[in-house]
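Notes for the one structure printed next.
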Amino acid sequence: MENTTKRYWRGIEELRNDPEFVKNAHREFADSSDITDGGGTYRRDFLKMLGFGVAAVSLAACEAPVRKVIPYLNKPVDVEPGIANWYASTFTDGGEYCSVLVKTREGRPIKIEGNPQSSISQGGVGTRVHASVLSLYDNEKLRDPQKGGKKVEWTALDKEVAAGLASAQNIRIISGTILSPTTKAVIEAFKAKYPSTVHVSYDANSAYGLTQVHGGQLPAFDFSKAKVIVSLDADFLGTWIAPDEFSKQWAAGRKLSSAKGGNKEMSRHYDFSTLMTLTGANADYRGRLKPSQSGLVASTLLRLVGGSSSTADVKIEFLEKAAKDLKAAAPGTTLVVSGSNDPNVQVVVAEINRILGNYGTTIAGTSNYKQGNDAAFDGFVNDLKGGRVDAVLFYGANPVYDSPRGKEIADALSRTKLSVSFADRADETASLCQFIAPDSHYLESWGDAEPKPGFYSIVQPTISTIFNTRQAQSSLLTWAGQNADYYEFLTQNWATNILKTASKEAWNKAVYEGVFEPAKGTVAAAPAVTGDLITALGKVSGTYKASSTVMEFIPYEKVGMGTGSQANNPWLQEFPDPISKATWDNYAAISQATAKKLGVHQNDMVKLEIAGKEAIELPVLIQPGQTNDTVSVAIGYGRSKAGKAADGVGKNVFPWINSVGAEIKVTPTGSQYKWGIGQTQTHNTVMARESVLQETILAKYQENVQAGRFIPKIQTSEGAKDATDITLWNGHEKKNHSWGMVIDLNLCTGCGSCVVSCQAENNVPVVGRKEVVMRREMHWIRIDRYYSSVQPKEGESIFQELETLEIASDNPEVVFQPMLCQHCSNAPCETVCPVLATTHSNEGMNQMTYNRCIGTRYCANNCPYKVRRFNWFKYFDEDRFPYNFNNDLGKMVINPEVTVRSRGVMEKCSFCVQRIQATKLAAKRERRRPYANEVQVACSQSCSTGAIIFGDMNNPESEISQVLAVEQQGRAFHMLEEINVLPQISYLTKIRNKDAADSQAPHKEEEHKENEHKHPKSHV
Amino acid sequence: MSHVSAVVRPPLVTGGKSYHDITEDVCRQVEGKPTASWKIVFGISTIVLLLGTASVFWTWWDGLGNWGLNKTVGWAWDITNFVWWVGIGHAGTLISAILLLFRQKWRTSVNRAAEAMTIFAVICAASFILMHAGRAWLAYWCIPFPNTYGSIWVNFNSPLVWDVFAISTYFSVSCLFWYVGLIPDLATIRDRAKNKVSKYIYGLLSMGWNGNTKTWFRYEYVSLILAGISTPLVLSVHTIVSFDFATSVIPGWHTTIFPPYFVAGAIFSGFAMVNNLLLIIRWTFKLQDYITIEHIETMNKIITVTGSIVGIAYITEFFIAAYSGVEYESYAFINRAFGPYWWAYWAMMSCNVITPQFFWVRSIRRSITWTFALSVVVNIGMWFERFVIIVTSLHRDYIPSSWAMFSPTIIDIGDYVFTFGLFFFLFLLFAKYLPVINMAEVKGVMKSSSERFPYKVKPNTKKPGEHVTE
């Protein structure tokens, strides 16, 4: 418009500038008297009063919940409300180690991620590491130091303990494995003050047998360099020593690419074990053995690879084949590991590795994960019983619960003059001690760790101590009469012994990065082997039997629960065991055939008796793949003083931990387990559904990268068409981003760390055993685990065939398939929601609007993948779900970026939309596009093996685009492709390095042609 | 409505009734004091209703976790009961609308009760729509209404929204139809009323009906128009209910046969329910001359026809599942018959397919006892049909890892019981305070279809209910 000086008047009065007009100029109406009722009350005032009155009355009727929000008086430096801060730190729990990054919001740690700087954990994070952030907010931790179960001041405690120590002659420090070099220095300082001090380490799940034959050191393994891997009862992908580290190495040898010239070779993995473990499940070949045979399996293998062994041979399926492959492989490119705690067996295994030339290649250097000395610990118990211990300090140890002689310790503990525990709660051991000097959580502490010689990492606090706790190191220093400031001690120790410089920059850099490691390429020397082969073989021959007919016991560790140190963590309790899919329990696992023999069914209670031990009663769980005539029970359960979530869950079998292979009597009690074992999956086989699961063997894959793929066709009048070519829908535009995921079934070990990571990120509630039994667990991502079925016989009718397919075979092949919302582009859930609570984003995501959801559950019914979860109750705030969401402390772990869902609404995987938005926002602020692989969702980030790739499929530079570019003509498939829901998630076929003759997977191509008349798999 | 019928047709009104007899027989229980048996039954219904209400209250207060549902089976008894009740409602509309258009005179004695049954059944069905929502207090969001929520509209693609329209239309038209039909009879009661309260209330309800020719003319026209409107509803309502399943991707739900199959099933179960109710009314109110064996037999014939349609639909489903070659579809049906819920399937098959075939035998379809028993069996079977469709399809669908079982809780049962309490509570009130037989329309067919010409009859010396075998 042109500039103009034209002016319009509201009336002649304005032009004249009447005084009357000027007075009223601000009023909307010239004279409002004519629209009032004349009584002086204005219409608007009346309405205002009426409105206010109604609002006031209704507000008074509502009880507004009181929530304390306290603003910062002085804003701390670095804390910006709404913006997360990340700190590098280190998780250690006994010998468990993980270098981590901790996400804090307004000073609260809320999420753990892996630290990619660490060359040891390399960004991988296990279930217990993820869950450890919740243990920080455990409501059952001690608020104050205790004396005889009563609150006491630190000064009073220090005085009494120091006096007690001064008068003590035989002081013992009992601990688990201590990875921290500075803590060891503190203990040395303590010893200097109290020279009678002896430090005894033990591991709840001991590897003493292995360390014994390597000069007291735990050898370091490298599975990535092994072309043939043989594991003998060693669950190195699940629970043995350092599973996250090993998984990463193992996956390195299993990663395939369908590109021309891409890697089409993978390691071959044999597993010989009693239990169906993660390792057995992921092995290409698995042979079953009884615990009483395990030593002879090793010695037989030794003979088969060319060693001298005079022991009796055992017949184990695939053992000879394994030996053949080991021999055929180039020297130093194989690895044989054994989980046995019998040093004689370990000597035999060491000899096998020596013959195969593995020392120096796949076994190089040492690690510190297991420092327990069973003999020394036994000595301590004997001393304690004999009254030869005056004072005992328990640091990171709960031997009353988690050692085989716990009961003896409990009984003898009163004989000491002084007993102190550093436990964070009055646990089984601490509650029997005179004093509890509660240690701070690692997220509240300074510290360090040395998982492998020369590889250091730093623990830095991410929150000030929540309760009146003090680091154990400070307590020890105080009692040793030294400066109690552990931070100072730590920095000094690092400056002198580790960084070897007093430079502040070096220290800051180490803190910033979280790790301090030697230069890359440092070659570690092979660990020395001690132990005499001939003696060992003789002992093996004496201990083990080539065959046995008795029922044998074997304890094991569960992937989620471990040794039970974090048992009061509801995330871990509800974490489904990767194999059994059971939550909230341990149980007597037996094979199908054994159950039949004993005449028991799932959930029947049985009495388990081992000679000389206290009997226990547990429910039965049928475990396909377990060796017949064996009973396995997990350790880590049966806590009695850990807290609400853990107490009374399962039974404690630590007293039986050394009874591996002992004869066990199993008697059905005739009763049933109330509600039953809560399993998140109860149907074990995939029912030969090829569009759900696609797999093949390596040889076939090498011939044809699409081997094992099931490509559905639809018959039309114009001939067969691809299922996705015919559609009713118009599709959704994804102009900007198209978020998607690729899941490599070949790399997924099924460990389930993504499940806990997702739970932490997305505020997924814990629902308890009863709700899990009701099949109502809330996990947004689950790992489907399928056993191969018994193969239907020729000539069976379709009815018989389907029945047969429901039965898992005795020694099944196992596949893990992570399942989460597939973010379908033609989403069945979206069309059926009456209120548009679930809609499609223009970036390819299926979104859930909780506020709009009225809870018809139609979407969940219509979801072919059954990934939607309904809030049947007010899970986040009800007394009958007394888990982390039920108390103010536990609620501190809530991620403020994710809505906590109320009762009656549906929820599901959101592709961590809060992370996508945050990244997009950051990019926008910096005026750029998001980088290719900038967004990591919780599951993909936590995956140790890199099986889950997340990214923008519209960005050709992203990893996912590059993988799909290759694999779309190769291994990539959409689940249930024929229903044309067009998921944003692709799976890559599972490839087993197996010979065709041994494969249990249906030989699709051939069978398909032969039986086309019988199994027409295409739509008509 | 009077036109000439063949003489061979059996009479629709027996007992040599005059017009006055009809008025007397029907008005008797409206005007008299509640009988002891009515009081007892009404008392029981009220208690059942109260217990059921407690259960429903708990469901709403505490959450749907009180039902036996889970992550895999998101609907079970709730939607089973909903479809079952809606299905039952169909007979009323069919009788009042389609049979009116087809000039089936026998409908006059049964349409009033059948329509009342329809309305109460739809109320019961609607209670499950509300109950099954996780946040029932927001269920009104399913209705498209102008709002300030950021102009959020309903999802017109969703069959649940179609359901809302279908059921609410059905309910309002049924109510209208029923009420319009009641007006002349209400006027009759008004005219006969002796006390002021009754006179006032029935006067109000009869909306100034004066019985002149023009009024009758309008009455007939309105009835005809409403019949015209209702006729498509008979087909559409259950068609749309079936779309809840048919438009999904779940094997066992995703079938094109559902609309006709559901409609036939609905009429099937509705007639069975009408049979049950009328047999009770006929006996308690001594209306054997109006609801005759002929009526019962006719309805049994319809049950046989629709039951057979349903049976064929079951078999067709199986055939299509096998013929399609879709492994999920095949599995869904094999699982129905031989899976963990085989008993529900075979209960459904025997109740729905075999039972109605008994009615081929004349003596059975004319037997009161058999009719009553078999009608109950049919309704059990139809409940199982919906259970089988909903639960056995959901519990084992595509991904075997999620396969689960459903078992009902006490609250599931309590909420179902609630609707029985509600239904009988309402129906008994109706039976007591409103004429259960459409006097006006029965009188209309007297000339052609009564046993005896209704004029100039001798004073009736026979006891009511006694059969005349002249």
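These protein sequences, in sequence, are chains X and L. This note's numbering applies: residue 5 is where the first sequence begins, and numbers increase by one. This note's numbering applies: residue 95 is where the second sequence begins, and numbers increase by one. Glycine included, C-beta positions come from ideal geometry on N, C-alpha and C.
1) Straight-line CA distance for P335(X) to N372(X)?
2) Touching or not, the region 536–545 of chain X and the region 277–292 of chain X, by the rule of three or more beta carbon pairs under 8 Å?
3) Distance check for G297(L) and N289(L), CA to CA, integer angstroms please.
4) Given H30(X), which residues of its chain have a CB within under 7 Å of its CB, disregarding the five upstream and five downstream residues?
5) According to the neighbour-count rule (16 or more other Cβ atoms, all chains shown, within 10 Å of its Cβ), is G42(X) buried or exposed?
6) Are the C-beta of N866(X) and some C-beta of chain L separated by less than 8 Å?
7) Helix, strand or coil for I182(L), going by three-state DSSP, please let me know.
8) If we count the other Cβ atoms within 10 Å of its Cβ and call it buried at 16 or more, is L318(L) buried or exposed?
9) Name the DSSP bridge partner or partners of N89(X)?
10) Quick check on V61(X): buried or exposed, where buried means 16 or more other Cβ atoms within 10 Å of its Cβ?
11) Can you check which of these residues, G665(X), S644(X), N662(X) and S663(X), is closest to N656(X) by C-alpha distance?
12) Mind pulling the alpha helix (DSSP H) runs of 4 or more residues that sit fully within the region 411–481 of chain L?
13) For I237(L), which of helix, strand or coil comes out of DSSP?
14) Cβ of N590(X) within 8 Å of Cβ of S139(X)?
15) Just to confirm my understanding: we take T366(X), look at its own chain, exclude 5 residues before and 5 after, and list those with CB closer than 6 Å. What are they?
16) I need the straight-line Cα distance from L503(X) to A592(X), nearest angstrom please.
17) Taking just the CA atoms, how far does L327(L) sit from I173(L)?
18) Could you round the C-beta distance between A224(X) and A441(X) to whole angstroms and report it? I think they count as a contact, below 8 Å.
19) For M476(L), I'd like the list of residues in its chain whose CB is within less than 7 Å of its CB, leaving aside the five on either flank, ordered along the chain.
20) Kindly list the residues whose CB is nearer than 7 Å to the CB of L19(X), restricted to its own chain and excluding five residues on each side of it in sequence; keep chain order.
21) For H114(L) and chain X, any beta-carbon pair shorter than 8 Å?
22) Looking at C-beta atoms only, is the number of pairs between the region 318–325 of chain X and the region 193–200 of chain X that lie closer than 8 Å three or more?
23) Compare the C-beta of K912(X) with all C-beta atoms of chain L and state if any pair is closer than 8 Å.
24) Hey, how far is the Cα of N402(X) from the Cα of R409(X)?
25) Go ahead and pull the three-state DSSP assignment for H332(L).
26) Under 8 Å, Cβ to Cβ, is there at least one residue of chain A near M691(X)?
27) Less than 8 Å between CB atoms is the rule here; does P494(L) satisfy it with respect to chain X?
28) Look up E1016(X) in the DSSP assignment and say whether it is helix, strand or coil.
29) Based on Cα-Cα distance, which residue from K456(X), K678(X) and K924(X) lies nearest to A246(X)?
30) Residues in the same chain with beta-carbon distance under 7 Å from V258(L), minus the five sequence neighbours each way, listed in chain order, please.
31) Check the Cβ-Cβ distances between Y76(X) and every residue of chain L, and say whether any is below 8 Å.
32) Got a sec: which bits of the region 894–908 of chain X sit with their beta carbon under 9 Å from any beta carbon on chain L, in order along the chain?
33) Specify whether the region 385–394 of chain X and the region 121–136 of chain X touch according to this definition: at least 3 beta carbon pairs, one from each stretch, less than 8 Å apart.
34) Looking at the secondary structure, which residues open and close the beta strand (DSSP E) in which H844(X) lies?
35) Touch check for the region 297–316 of chain L and the region 952–966 of chain X: three-plus C-beta pairs under 8 Å?
36) Suppose contacts are defined by Cβ-Cβ distances below 8 Å. Is S261(X) in contact with I701(X) by that definition?
Concretely, from the data shown:
1) The residue labelled residue 335(X) in the question sits at position 331 within the first sequence. The residue labelled residue 372(X) in the question sits at position 368 within the first sequence. Between P335(X) and N372(X), the C-alpha separation is close to 27 Å.
2) no
3) Walking along the second sequence from the start, residue 289(L) turns up at place 195. Walking along the second sequence from the start, residue 297(L) turns up at place 203. Taking the straight line from one Cα to the other gives about 12 Å.
4) On the first sequence, residue 30(X) is found 26 positions in, with the first residue counted as 1. Closer than 7 Å at the Cβ level, and outside the excluded window around H30(X), lies no residue.
5) Locating residue 42(X) in the first sequence gives position 38, counting from the first residue. Unreliable placement is indicated for G42(X), whose pLDDT of 49 sits below 50; the coordinate value is still reported in the next sentence. Result: exposed.
6) To locate residue 866(X), count along the first sequence from 1; it is residue 862. Yes - at least one Cβ of chain L is within 8 Å of the one on N866(X).
7) Counting from one through the second sequence, the residue named residue 182(L) turns up at place 88. Note: I182(L) maps to helix in three-state DSSP.
8) Translated into the one-based positions of the second sequence, residue 318(L) becomes position 224. Label assigned to L318(L): exposed.
9) Indexing the first sequence from 1 puts residue 89(X) at position 85. Its beta-bridge partners are T108(X).
10) If you number the first sequence from 1, residue 61(X) lands on position 57. Exposed, because fewer than 16 other Cβ atoms sit within 10 Å of the Cβ of V61(X).
11) Here residue 656(X) refers to the residue found at position 652 of the first sequence. Among G665(X), S644(X), N662(X) and S663(X), the Cα nearest to that of N656(X) is on S644(X).
12) 421–432, 436–443, 456–459 and 462–481
13) To locate residue 237(L), count along the second sequence from 1; it is residue 143. Note: I237(L) maps to coil in three-state DSSP.
14) Within the first sequence, the letter at position 586 stands for residue 590(X). Within the first sequence, the letter at position 135 stands for residue 139(X). Contact flag unset, no.
15) Position 362 of the first sequence, counting from 1, holds the residue named residue 366(X). If we look at T366(X) and ignore the five residues flanking it on each side, its Cβ neighbours are D226, K229, A230 and L339.
16) Walking along the first sequence from the start, residue 503(X) turns up at place 499. Walking along the first sequence from the start, residue 592(X) turns up at place 588. The straight-line gap from Cα to Cα measures roughly 50 Å.
17) What you label residue 173(L) is simply residue 79 of the second sequence in a count that begins at 1. What you label residue 327(L) is simply residue 233 of the second sequence in a count that begins at 1. If I take the Cα positions, the gap works out to 20 Å.
18) Counting from one through the first sequence, the residue named residue 224(X) turns up at place 220. Counting from one through the first sequence, the residue named residue 441(X) turns up at place 437. Not confirmed; about 34 Å, so no contact.
19) For the purposes of this step, residue 476(L) is taken as the residue at position 382 of the second sequence. These residues qualify, in order along the chain: W178, G181, G359, F362, S363 and N446.
20) For the purposes of this step, residue 19(X) is taken as the residue at position 15 of the first sequence. Same-chain partners within the cutoff: W13.
21) Taking the second sequence and counting its residues from 1, one reaches residue 114(L) at position 20. Answer no: the Cβ-Cβ gap between H114(L) and chain X never drops below 8 Å.
22) no
23) For this step, residue 912(X) is matched to residue 908 along the first sequence. For K912(X), the answer is no, since every Cβ of chain L falls outside 8 Å of its Cβ.
24) For this step, residue 402(X) is matched to residue 398 along the first sequence. For this step, residue 409(X) is matched to residue 405 along the first sequence. Taking the straight line from one Cα to the other gives about 11 Å.
25) Counted from its first residue, the second sequence places residue 332(L) at position 238. Residue state, collapsed to three classes: helix.
26) Among the protein chains of the structure shown, namely X and L, there is no chain A.
27) Taking the second sequence and counting its residues from 1, one reaches residue 494(L) at position 400. So yes, P494(L) belongs to the interface.
28) Here residue 1016(X) is taken as the residue at index 1012 of the first sequence, counted from 1. With a pLDDT of only 39 at E1016(X), under 50, the local geometry of the prediction cannot be trusted, and the value read off the model is given with reservation. The answer is coil: DSSP assigns E1016(X) none of H, G, I, E or B.
29) Residue numbering aside, residue 246(X) sits at position 242 when the first sequence is read from its first letter. Ranking K456(X), K678(X) and K924(X) by Cα distance to A246(X) puts K456(X) first.
30) Stepping through the second sequence from its first residue, residue 258(L) is reached at position 164. Within the same chain, V258(L) has close Cβ partners C236 and I237.
31) As a working mapping, residue 76(X) is identified with position 72 in the first sequence. Not closer than 8 Å to any Cβ of chain L, the Cβ of Y76(X) fails to qualify, so no.
32) S906, R907 and G908
33) no
34) The residue you call residue 844(X) lines up with position 840 of the first sequence. Residues T842 to H844.
35) no
36) Taking the first residue of the first sequence as 1, we reach residue 261(X) at position 257. Taking the first residue of the first sequence as 1, we reach residue 701(X) at position 697. Result no, Cβ atoms of S261(X) and I701(X) do not sit closer than 8 Å.
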